[in-house]
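There are 2 protein chains.
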Amino acid sequence: MRNKTAAAIVIGNEILSGKVVDSNAAFLARELRALGVSLERIVIVPDDLGVIGETVRDHAAGFDVVFTSGGVGPTHDDITMAGIAGGLGRELVHHPLLVEKLRAFTKGELTPPKLKMAEVPAGAELIFDGTLPFPVVRVDNIYVLPGIPELFCEKFMAIRSRFAVDPFFVRVVYSRAPESAIAAHLDATLAAFPELLLGSYPKLCEPEYQVRVTLESKDETYVNCALDHLVSCLPPESIVRTE
Amino acid sequence: MRNKTAAAIVIGNEILSGKVVDSNAAFLARELRALGVSLERIVIVPDDLGVIGETVRDHAAGFDVVFTSGGVGPTHDDITMAGIAGGLGRELVHHPLLVEKLRAFTKGELTPPKLKMAEVPAGAELIFDGTLPFPVVRVDNIYVLPGIPELFCEKFMAIRSRFAVDPFFVRVVYSRAPESAIAAHLDATLAAFPELLLGSYPKLCEPEYQVRVTLESKDETYVNCALDHLVSCLPPESIVRTE
Chain A
660 MRNKTAAAIV
670 IGNEILSGKV
680 VDSNAAFLAR
690 ELRALGVSLE
700 RIVIVPDDLG
710 VIGETVRDHA
720 AGFDVVFTSG
730 GVGPTHDDIT
740 MAGIAGGLGR
750 ELVHHPLLVE
760 KLRAFTKGEL
770 TPPKLKMAEV
780 PAGAELIFDG
790 TLPFPVVRVD
800 NIYVLPGIPE
810 LFCEKFMAIR
820 SRFAVDPFFV
830 RVVYSRAPES
840 AIAAHLDATL
850 AAFPELLLGS
860 YPKLCEPEYQ
870 VRVTLESKDE
880 TYVNCALDHL
890 VSCLPPESIV
900 RTE
Chain B
660 MRNKTAAAIV
670 IGNEILSGKV
680 VDSNAAFLAR
690 ELRALGVSLE
700 RIVIVPDDLG
710 VIGETVRDHA
720 AGFDVVFTSG
730 GVGPTHDDIT
740 MAGIAGGLGR
750 ELVHHPLLVE
760 KLRAFTKGEL
770 TPPKLKMAEV
780 PAGAELIFDG
790 TLPFPVVRVD
800 NIYVLPGIPE
810 LFCEKFMAIR
820 SRFAVDPFFV
830 RVVYSRAPES
840 AIAAHLDATL
850 AAFPELLLGS
860 YPKLCEPEYQ
870 VRVTLESKDE
880 TYVNCALDHL
890 VSCLPPESIV
900 RTE
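Here it is as C-alpha cells:
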C-alpha cells in the first residue's frame with residue numbers, strides 16, 4: 660500500500676518576522692507520524708492572498724491531505740479562506756450553518772468582523788466531529804485549522820481518527836562514538852535492510868551519548884532484525900544503550 | 660529601496676517525522692528581522708535529492724538570498740550538497756581546500772564518510788569570515804548551513820554582517836552570570852532605552868560565558884549609551900567582556 664502523504668501550510672507574518680515561534684507544525688508532525696501518515700512538507704508563508712492560494716492549490720494537488728494553520732480569525736490579516744478560495748477558483752461565500760452558529764454564539768448583532776468568520780470557499784464541508792464548539796472547515800482534501808496552538812490542537816484531535824493508516828515501529832541506539840566513526844556501520848545496516856528508515860542525530864551538549872540513531876519500519880520484525888544487525892556491527896564499547 | 664528578500668529551506672526527515680523540533684528557522688527569522696531582511700518563506704523538506712534540488716533551485720530564483728539548514732554531515736542521509744548540485748545542474752566535486760582542512764582536522768586517514776564532508780557543488784565559494792574552524796559554503800545566492808543548532812547559529816553569526824540592509828549597530832556583552840541573574844538589569848536598560856533591540860542568548864556548552872547579550876539600534880550613539888547603561892547596572896564580576 661502506498662503511504663498516505665500530507666503537507667502542512669502555516670500562514671502568518673508573525674512567524675516569518677520572528678515574533679512568534681510556530682509550534683503547530685511540530686505538533687502535527689508527531690501526530691501524523693503516530694498515525695502512519697507521511698508528512699512530506701511544511702511551508703510557512705506570509706499573509707498574502709496570492710501566495711496562500713498558490714501554495715495551498717499546489718500542495719493539495721501534490722499530497723493526499725493538506726492542513727493549514729492560521730489566518731482564520733476576525734481581523735484584516737485573516738485571509739486564509741479568501742486565499743484558498745482564490746487559489747482553487749472558488750467563490751468566497753457565507754456558510755449558512757456558520758452564520759447560524761455565530762449568531763447563537765455571539766448573542767448579539769453579527770458585525771462585519773464576526774460575520775467574516777462565517778466565510779468559506781464555495782463547496783466547503785463543515786465537520787462537527789467530537790465535542791467541538793465550532794466545526795472544522797474542509798475544502799476537498801484541505802483541512803483549515805486555526806493558528807492559536809490550543810485551538811489547532813483541539814480541532815486536530817477531534818478529527819484525528821480520520822487519518823489513521825498504519826503506524827511505524829521505532830528502535831533507538833545511543834552511541835558514545837561520534838557520527839564519523841559509526842557512519843560505515845550505518846551504511847552496512849542500510850545495505851542489508853534497504854527498506855529501513857535510518858536516522859542519525861548528533862548531539863553536542865549531551866554527556867551520555869554523542870549520536871542518537873533511530874531505526875524505523877512498519878514491520879516490527881524487520882526493524883528488530885535491523886537493530887540486531889547494527890548492534891552486531893558497532894564496537895560494543897560505543898553503545899550506551901538501545902531502546 | 661526594495662526590501663531584500665530571503666527564504667529558508669530546512670532539510671531533514673527527522674523534523675517532518677516529529678523526532679526533532681527545528682529551531683534554526685525561528686533563529687534565522689529573528690536575525691534577519693534585525694538585519695532588515697524580509698524572510699518570506701520557510702520550507703521544510705525531506706532527505707530526498709529531487710525535492711531538495713527543485714526546492715533550492717526555485718527559491719534561489721525567487722528570493723534574493725536562500726539559507727539551507729541540515730544534511731551536510733558524513734552519513735548516508737546527508738545529501739544537501741548533492742541535492743543542490745543536482746538542482747542547479749552542477750557537478751558534485753571535492754573542494755581541495757576542504758579536503759586539506761579535513762586532513763588537518765582529523766589527523767588521520769580520510770575515510771569516505773569524512774571525505775564526503777569536502778563535497779560541494781562545482782563553483783561553490785568558501786567563506787572564512789570570523790574565527791570559524793570550518794568555512795561556510797556559498798553557491799550563488801545560497802548559503803549552506805549545518806542543521807545542528809549550535810553550529811547553524813555559529814556559522815550564521817560569522818557571516819551575518821553581509822546581509823545587513825539598513826544595518827543595525829550591534830554591541831555585545833558576554834555575561835558570566837546566568838540569564839535569570841541579569842534579567843532585571845536588561846529590563847532596566849530597556850526601560851531607559853525603549854528603542855533598543857535587546858537580545859539575550861544563553862549558551863550551554865561555552866566555558867567562557869553563560870549569556871551573550873546583544874544591543875542593537877540603527878543609531879550608533881544610542882546603542883553605545885545603552886551599552887554604558889547596562890554595564891553600569893551589571894555586577895562587574897559578571898562581565899566577561901564587551902564587543
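Those protein sequences? They're chains A and B, same order as listed. 688 is the number that the numbering used here gives to position 29 of the first sequence; each next residue is one higher, with no gaps. 780 is the number that the numbering used here gives to position 121 of the second sequence; each next residue is one higher, with no gaps. The beta carbon of each residue, even a glycine, is placed where N, CA and C say it ideally should be. Here the structure is a predicted model, which means the values were calculated and not measured.
> Does the beta carbon of K773 (chain B) come closer than 8 Å to any beta carbon on chain A?
Replying inline: Residue 773 (chain B) sits at position 114 when you count from the first residue of the second sequence. Yes, its Cβ sits closer than 8 Å to a Cβ of chain A.
>> Check for me: the alpha helix (DSSP H) holding I718 (chain B) runs from which residue to which?
In response: Here the question's residue 718 (chain B) lines up with position 59 in the second sequence. The sequence shown places His at residue 718 (chain B), not Ile. Looking at the DSSP string, the run of the alpha helix (DSSP H) that includes H718 (chain B) is L708 to G721.
> Does the beta-carbon distance from L791 (chain A) to A823 (chain A) come in below 8 Å?
Replying inline: In the first sequence, residue 791 (chain A) corresponds to position 132, counting from 1. In the first sequence, residue 823 (chain A) corresponds to position 164, counting from 1. No, the Cβ-Cβ distance between L791 (chain A) and A823 (chain A) is not below 8 Å.
> For the ligand GTP, any of its heavy atoms closer than 7 Å to the Cβ of D723 (chain B)?
Replying inline: What this structure holds is no ligand at all, so the ligand GTP is not there to describe.
>> Quick check: is the beta carbon of N672 (chain B) nearer than 8 Å to any beta carbon in chain A?
In response: Translated into the one-based positions of the second sequence, residue 672 (chain B) becomes position 13. Yes, N672 (chain B) counts as interfacial toward chain A.
> Hey, would you say F852 (chain A) sits closer than 8 Å to Y833 (chain A), going by beta carbons?
Replying inline: Counted from its first residue, the first sequence places residue 852 (chain A) at position 193. Counted from its first residue, the first sequence places residue 833 (chain A) at position 174. Result no, Cβ atoms of F852 (chain A) and Y833 (chain A) do not sit closer than 8 Å.
> Can you pull the DSSP bridge partners for F726 (chain A)?
Replying inline: Counting from one through the first sequence, the residue named residue 726 (chain A) turns up at place 67. Note: F726 (chain A) sits in a beta bridge opposite A:A667 and A:Y802.
>> 8 Å is my cut-off, CB to CB: does S897 (chain B) come that close to chain A?
In response: Within the second sequence, the letter at position 238 stands for residue 897 (chain B). Taking Cβ atoms only, chain A never reaches closer than 8 Å to S897 (chain B), which makes this a no.
>> Out of A:E875, A:D887, A:A842 and A:V899, which one is the CA nearest neighbour of E865 (chain A)?
In response: Position 206 of the first sequence holds residue 865 (chain A). The candidate whose alpha carbon is nearest that of E865 (chain A) is A:V899.
> So, H718 (chain B) versus R700 (chain B), is the Cβ gap smaller than 8 Å?
Replying inline: If you number the second sequence from 1, residue 718 (chain B) lands on position 59. If you number the second sequence from 1, residue 700 (chain B) lands on position 41. Cβ atoms of H718 (chain B) and R700 (chain B): closer than 8 Å.
> Can you list, in chain order, the residues of the stretch 862–885 of chain A whose Cβ is nearer than 7 Å to any Cβ on chain B?
Replying inline: L863, C864 and T873
> Who are V831 (chain B)'s beta bridge partners in DSSP?
Replying inline: Reading the second sequence from its first residue, position 172 is the one you call residue 831 (chain B). Bridge partners of V831 (chain B): B:T873.
> chain B partners of V680 (chain A), CB-CB under 7 Å?
Replying inline: For the purposes of this step, residue 680 (chain A) is identified with residue 21 of the first sequence, where counting begins at 1. The contacting residues are A685.
>> Do P894 (chain A) and G732 (chain B) have their beta-carbon atoms positioned less than 8 Å apart in this structure?
In response: The count along the second sequence starts at 1 and reaches residue 732 (chain B) at position 73. The count along the first sequence starts at 1 and reaches residue 894 (chain A) at position 235. Not a contact, by the Cβ cut-off of 8 Å.
>> Does M660 (chain B) pass the burial test, meaning 16 or more other C-beta atoms within 10 Å, or should it be called exposed?
In response: In the second sequence, counting from the first residue as 1, residue 660 (chain B) sits at position 1. Confidence is the limiting factor: at M660 (chain B) the pLDDT is only 46, short of 50, which leaves the residue's position unreliable, though a coordinate-based value still follows. Exposed, because fewer than 16 other Cβ atoms sit within 10 Å of the Cβ of M660 (chain B).
> DSSP three-state call for R689 (chain B): helix, strand or coil?
Replying inline: Against the second sequence, residue 689 (chain B) aligns to sequence position 30. The answer is helix: DSSP assigns R689 (chain B) an H, G or I state.
> What does L756 (chain A) reach in chain B if we use C-beta pairs closer than 9 Å?
Replying inline: Against the first sequence, residue 756 (chain A) aligns to sequence position 97. Those do not exist, as L756 (chain A) stays about 34 Å from chain B at its closest Cβ, beyond 9 Å.
> Apart from the five residues just before and just after P772 (chain A), which ones in its own chain have a Cβ nearer than 8 Å to its Cβ?
Replying inline: Translated into positions along the first sequence, residue 772 (chain A) becomes position 113. Counting only Cβ-Cβ distances below 8 Å, and skipping sequence neighbours, we find P733 and T734.
> DSSP on M660 (chain A), reduced to helix/strand/coil?
Replying inline: Counting from 1 along the first sequence, the entry for residue 660 (chain A) is found at position 1. For M660 (chain A), the predicted model reports a pLDDT of 48, less than 50, meaning its position is unreliable; a value from the coordinates is still stated below. M660 (chain A) falls in the coil class under three-state DSSP.
> V702 (chain A) versus chain B: which residues are under 9 Å apart at the beta carbon?
Replying inline: In the first sequence, the residue the question calls residue 702 (chain A) occupies position 43. Within 9 Å Cβ-Cβ: R700, I701, V702 and I703.
>> By alpha-carbon positions, which one of B:F811, B:L810, B:D825 and B:E784 ends up nearest to V798 (chain B)?
In response: Residue numbering aside, residue 798 (chain B) sits at position 139 when the second sequence is read from its first letter. Answer by Cα proximity: B:E784.
>> Looking at chain B, is there any beta carbon in it that lies within less than 8 Å of the beta carbon of M660 (chain A)?
In response: Residue numbering aside, residue 660 (chain A) sits at position 1 when the first sequence is read from its first letter. Only weak support is given to the placement of M660 (chain A): the predicted model assigns it a pLDDT of 48, under 50, and the question is left unresolved by the model.
> Grouping DSSP H, G and I as helix and E and B as strand, with all else coil, what is V890 (chain A)?
Replying inline: By 1-based counting over the first sequence, the position of residue 890 (chain A) is 231. Helix at V890 (chain A).
> Name the chain A residues that come within less than 7 Å of R689 (chain B), Cβ to Cβ?
Replying inline: The sequence position of residue 689 (chain B) within the second sequence is 30, counting from 1. Under the 7 Å cutoff, chain A gives G677.
> So with Cβ pairs under 8 Å, would you call G742 (chain A) a contact of chain B?
Replying inline: Within the first sequence, the letter at position 83 stands for residue 742 (chain A). It does not; no Cβ of chain B falls within 8 Å.
> The alpha helix (DSSP H) spanning H844 (chain B) covers which residue range?
Replying inline: Numbered from its first residue, the second sequence carries residue 844 (chain B) at position 185. Per DSSP, H844 (chain B) belongs to the alpha helix (DSSP H) from E838 to A851.
> Can you list the residues of chain A that D643 (chain B) reaches, using a CB-CB cut of under 8 Å?
Replying inline: Here chain B covers residues 660 to 902 and nothing more, so residue 643 (chain B) does not appear.
> If you measure from the beta carbon of D846 (chain A) to each beta carbon in chain B, is any gap under 8 Å?
Replying inline: Here residue 846 (chain A) is taken as the residue at index 187 of the first sequence, counted from 1. Answer yes: the Cβ-Cβ gap between D846 (chain A) and chain B drops below 8 Å somewhere.
> Once you ignore the five residues that flank A666 (chain B) on each side, which residues in its own chain have a CB closer than 6 Å to its CB?
Replying inline: Working through the second sequence from its first residue, we reach residue 666 (chain B) at position 7. R700, H718, F722 and V725.
> If you measure from the beta carbon of G732 (chain B) to each beta carbon in chain A, is any gap under 8 Å?
Replying inline: Position 73 of the second sequence, counted from the start, is the residue given in the question as residue 732 (chain B). Yes, G732 (chain B) counts as interfacial toward chain A.
>> Using C-beta distances below 8 Å, list every residue in its chain close to V669 (chain A), excluding the 5 sequence neighbours before and after it, in chain order.
In response: Here residue 669 (chain A) refers to the residue found at position 10 when the first sequence is read from its first residue. These residues qualify, in order along the chain: D681, N683, A684, I701, V702, I703, V704, T727, S728, G729 and G806.
>> Can you pull the chain B neighbours of S839 (chain A), defined as C-beta to C-beta under 7 Å?
In response: Within the first sequence, residue 839 (chain A) is the residue found at index 180, counting from 1. By Cβ distance, chain B contributes P733, P772 and K773.
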